[in-house]
Every structure is written in structure tokens, then in C-alpha cells.
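Working notes for the structure below.
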């Protein structure tokens with residue numbers, strides 16, 4: 025490859041912003057841009073929207089048919105201490121209060137952790153950037169046209185009893201958005217017609233309680249009359265970021281294009297671009313990025329080999345050397361297979377916390393046999409979770425991330441302790457659905 029400050033010898037093919045190119049268009053070509061972004065989930069779209077606002081030319085590459093990644097199928101909530109909505113409504117919060125909360129959670133979830141380590145963690149530049157610039161980021165996208173819910177979520181912090189926690193306000197939800205306003209760019213979204221719209225994540229109570237006994241039925245509404253394609257929660261978050269990208273001519277989106285290799289300058293070792301494989305082409309395309317490459321391609325939830333390598337749990341009962349952690353259990357997007365991580369590792373890039381998990385409990389839907397979320401089902405009254413020995417081992421109503429960690433810790437004790445069962449009685453069956461479906465006795 026030529027050094028980053030020289031022009032490529034192959035012709036540069038210009039494309040209109042926002043397209044699904046066929047493989048023949050890319051063959052034997054070199055493309056140029058200012059910033060190349062790998063992965064078109066929330067992080068990638070946010071990066072593209074921010075960079076193009078500075079007049080930079082952006083190519084956004086996505087391996088799947090559609091943008092959005094796992095965020096598109098999520099609740100779309102953003103935890104942001106001291107955000108602009110809290111300030112507008114007079115809800116007391118500050119960067120310092122958020123730091124106290126994070127320190128308290130860190131100590132509580134890591135018993136015996138040295139105080140000096142906690143203080144060092146609070147000086148982490150990423151954490152400081154999040155607490156300082158995060159509120160500014162939320163405000164920035166609001167000024168770019170992103171619409172957040174006018175009223176804050178009623179969700180408290182995950183650990184509301186700890187120092188620095190607030191009762192509500194730190195969680196921001198995107199407003200319901202009409203994807204029809206994307207016009208031709210709606211093709212980048214996996215749009216599904218829906219009879220009802222659940223406006224925000226906290227309103228998912230309609231799926232986990234009897235409407236007539238809770239009043240939650242009012243939370244489920246018909247699509248707004250003035251919207252052709254209403255989207256909410258994670259779908260709204262992605263669609264709104266896509267709309268910001270669309271409104272400028274500097275962002276080009278390539279779907280069905282997979283990262284193959286990062287290109288490095290022979291002069292100074294800097295990453296100057298990437299080789300990607302698009303469509304059914306067998307010949308990779310070279311993309312030169314004069315200002316750098318941003319990797320926002322997620323993790324490896326759907327890569328069984330990487331899960332075995334980094335998340336496999338060593339058994340202590342002598343009957344199994346490793347307890348599998350199955351990709352089939354994950355609700356992450358199918359494209360979350362760790363390609364960017366693997367490509368970066370070939371360049372000896374730093375990585376950290378690959379053995380850590382942040383996720384939600386899942387289960388097999390007894391009605392369909394498919395994997396579905398379990399975080400609501402396991403936290404209801406008249407039920408509890410046991411391991412393969414029939415022993416209850418954790419509080420089912422704890423935050424979902426903590427519940428997952430509890431299950432991993434339990435699994436380390438032996439093969440049978442890696443089996444988990446939800447036990448419930450007739451009262452539960454009459455009041456709550458399982459996996460979105462009512463269970464009948």
C-alpha cells in the first residue's frame with residue numbers, strides 16, 4: 025500500500041452518499057475519505073454524525089444488511105449523569121456525585137478491593153471523559169435534531185441505596201420517531217410493521233403484567249396518527265442518528281461490507297485505512313482514511329470460538345474442564361462476531377476485560393422454543409431461580425447485569441450448578457406471561 029500522504033495509483037470511484045453498492049462497483053477500486061468508521065451501530069452512527077458536522081468526508085462500513093446492530097433491538101436507554109434534562113427540571117446531580125456513586129458500586133461489587141485502586145479507577149481518562157463530555161454529547165445531538173423524551177425515565181440507578189445514587193433522571197429515552205422521514209434511507213433499517221408502539225423501555229410492563237390489574241394497558245398505544253412508520257426505544261435511537269447523517273452530504277454508508285484488514289503506513293506504523301470485502305466480491309476494496317479509522321464494531325457475543333476462549337468457565341467439581349457459554353443464548357445482533365477485535369489483535373493492539381460480561385439473563389421460550397429475554401420473568405413474585413441441584417443462590421430482582429454475573433459465578437462451582445431453572449406457582453401463571461406468552465396450567 026502507498027504511504028498515507030501519497031495518492032493511490034488506482035482510480036477513485038465517487039458514490040452518492042448512502043447506498044447499497046453491488047460488488048461489481050467496488051472491484052479493483054480504491055476509495056478515499058477523511059474518516060473511516062467500521063460498524064454502524066449506535067456508536068458508529070454517532071461518530072459519523074459528529075464527524076460529518078465538521079465537514080469531514082465519512083465512509084461508514086457495516087457488515088450486515090442493515091444498520092443498528094444490537095442497539096436497534098434494545099431499550100435505547102442512555103445512562104447519563106447530570107444530563108441537560110435533569111438540569112432543566114431542577115433534579116440535583118453533578119459530576120462529583122456520579123463519581124461517588126461509581127466508587128460505591130465499584131467497592132460493593134468487588135469485595136476486598138483496595139481503596140487506592142478505586143481512587144485510581146476514578147482517574148481513568150475514559151471515565152473522566154464520559155462524566156465530563158457525556159452530558160455535552162447528549163446536548164450536542166439534541167441541537168442536531170435528536171429528540172429525547174421530555175420527561176425523564178422513572179428508573180432509579182441500578183443501586184439506588186448506594187452513596188451518590190439518584191432516584192430518577194439519569195436515564196434518557198429517545199422520543200418515538202417517524203422513520204418515514206428518512207425517505208430513501210429507510211432501506212438501511214429493518215423496519216417491521218407493528219400494531220402497537222411501546223414508547224419507552226420502562227413501559228414494557230405491558231408485556232409482563234396483566235393490563236387490567238395494573239393500568240399498564242394505557243402504556244401501549246396505537247401508532248401516532250401522524251406517523252407512517254413509528255419507531256421507539258433502540259429503533260428510534262438508531263433511526264434518529266441515521267437521520268442526522270442523512271441531512272448532510274458527507275456520510276456514505278456501505279452495508280454488506282466486512283472488514284478484512286487494517287492498512288498500516290510503512291513510514292510510521294499508523295493505521296491509514298482498511299481492506300473490506302463487499303457483497304459477493306472475492307476481491308477486497310482498499311479504503312484510505314486521511315485522518316484515521318474508528319472501530320465501533322461491538323464485541324463477540326455471536327462468536328462461539330471467542331466465547332469459549334474468553335468466557336469459558338473452568339469447573340471446580342472435577343467432572344468438566346470447561347462449561348460452555350453458548351452463542352445461541354445471546355440476543356445480540358447476528359453480526360456481533362468480533363471481527364474488528366480479531367483484526368486489531370493481529371496488529372498487537374491493546375485489549376482489556378475480554379473475560380467480562382455485560383448482558384441480560386435469557387431463557388428458552390416454552391411456547392416457541394426460541395431464546396428470549398428473562399430479566400422481567402425472573403424478577404416477578406411467586407417465583408425463584410435454582411441451579412441443577414435445586415438450590416436458590418441469588419436475588420432474582422437484582423439488576424440484570426449483576427444477575428448474569430451471579431450465574432457465571434455459580435457455574436464455576438460445577439457442571440450441574442451451570443443449569444438454571446425458573447420455578448413458579450399458579451399465582452405466577454395467572455398474573456404474568458413467560459417469554460411474551462401466557463402460560464396456561
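In the numbering used here, the protein residues as written are 25 to 465.
All residues carry an ideal CB built from backbone N, CA and C; glycine is no exception.
As the structure is a prediction and not an experimental result, all values here were calculated from the model.
Exercise for the section: Examine chain C for any beta-carbon lying closer than 9 Å to the beta-carbon of residue 57, and answer yes or no. Expected result: The displayed structure is made up of one protein chain only, and chain C is not part of it.
Handout entry: Under 9 Å between C-beta atoms of residue 295 and residue 302
Key = no
Exercise for the section: Measure the CB-CB distance between residue 83 and residue 61 and report whether it falls below 9 Å. Expected result: yes
Handout entry: Three-way DSSP call (helix, strand, coil) for residue 386 in this model
Key = strand
Exercise for the section: Tell me where the beta strand (DSSP E) around residue 448 begins and ends. Expected result: 445-448
Exercise for the section: Tell me, to the nearest whole angstrom, how far the beta carbon of residue 365 is from that of residue 324; I am working on the premise that it is less than 8 Å. Expected result: 6 Å
Handout entry: Nearest-angstrom Cβ-Cβ length linking residue 117 and residue 194, presumed shorter than 8 Å
Key = 7 Å
Exercise for the section: On the DSSP bridge assignment, give the partners of residue 281 in chain order. Expected result: 302
Exercise for the section: Report, in whole angstroms, the separation of the C-beta atoms of residue 320 and residue 68, which I expect to be a contact under 8 Å. Expected result: 4 Å
Exercise for the section: Can you give me the Cβ contacts of residue 311 inside the same chain, cut-off strictly under 7 Å, excluding the 5 residues immediately before and after it? Expected result: 55, 57, 60, 83, 297, 298 and 300
Handout entry: Straight-line Cα distance separating residue 150 from residue 267
Key = 28 Å
Handout entry: Residue range of the alpha helix (DSSP H) that includes residue 96
Key = First-last for residue 96: undefined, no H or E at that position.
Exercise for the section: Note down, in chain order, each residue of its chain lying with its Cβ closer than 7 Å to the Cβ of residue 447, except the 5 sequence neighbours on either side. Expected result: 407, 408 and 410
Problem - Beta-carbon proximity list for residue 102, same chain, < 6 Å, skipping 5 on both sides - result: 196
Problem - Contiguous alpha helix (DSSP H) assignments of at least 4 residues, all confined to the stretch 118-201 - result: 119-133, 139-146 and 149-167
Handout entry: Residues of its chain near residue 106, where Cβ-Cβ distance is below 7 Å and the 5 sequence neighbours each way are ignored
Key = 117, 118, 119, 122 and 159
Practice task
In the DSSP assignment, find the beta strand (DSSP E) that holds residue 374 and state where it starts and stops.
Solution key: Unbroken run through residue 374: none, as it is neither H nor E.
Practice task
Along the alpha helix (DSSP H) that carries residue 355, what are the first and last residues, could you check?
Solution key: That residue, residue 355, is in no alpha helix (DSSP H); it is neither H nor E in DSSP.
Handout entry: Coil, strand or helix - residue 58 by DSSP
Key = strand
Exercise for the section: Indicate the three-state DSSP secondary structure (helix, strand or coil) for residue 330 in the structure shown. Expected result: helix
Problem - Among 412, 428 and 413, nearest to residue 419 - alpha-carbon criterion - result: 428
Problem - Contact set for residue 203: own chain, Cβ-Cβ below 7 Å, skip 5 residues either direction - result: 210, 213, 215, 253, 255 and 263
Practice task
Check each candidate in 424, 207, 166 and 288 and name the one with the smallest Cα separation from residue 383.
Solution key: 424
Exercise for the section: Look up residue 108 in the DSSP assignment and say whether it is helix, strand or coil. Expected result: helix
Practice task
Would you kindly report the start and end of the unbroken alpha helix (DSSP H) that includes residue 75?
Solution key: 66-76
Handout entry: contact_flag[the stretch 279-293, the stretch 351-370] where n(CB pairs < 8 Å) is 3 or more
Key = yes
Handout entry: Those residues which DSSP pairs with residue 313 across a bridge
Key = 57
Practice task
Give the DSSP-derived three-state secondary structure of residue 466 in the structure shown.
Solution key: No information on residue 466 is available, as it lies outside the stretch 25 to 465 that the chain covers here.
Exercise for the section: Label residue 449 either buried or exposed according to how many other C-beta atoms from any shown protein chain fall within 10 Å of its C-beta, with 16 as the threshold for buried. Expected result: exposed
Handout entry: Residue from 65, 349, 73 and 80 whose Cα sits closest to the Cα of residue 316
Key = 80
Handout entry: Among 276, 356, 331 and 417, the one whose alpha carbon lies nearest that of residue 85
Key = 276
Problem - Buried/exposed call for residue 261, threshold 16 Cβ in 10 Å - result: buried
Exercise for the section: Determine the DSSP secondary structure at residue 458, reduced to helix, strand or coil. Expected result: strand
Handout entry: Coarse secondary structure for residue 210, derived from DSSP in three states
Key = helix
Problem - Coil, strand or helix - residue 287 by DSSP - result: strand
Handout entry: Contact check, residue 374 vs residue 335, beta carbons under 9 Å
Key = no
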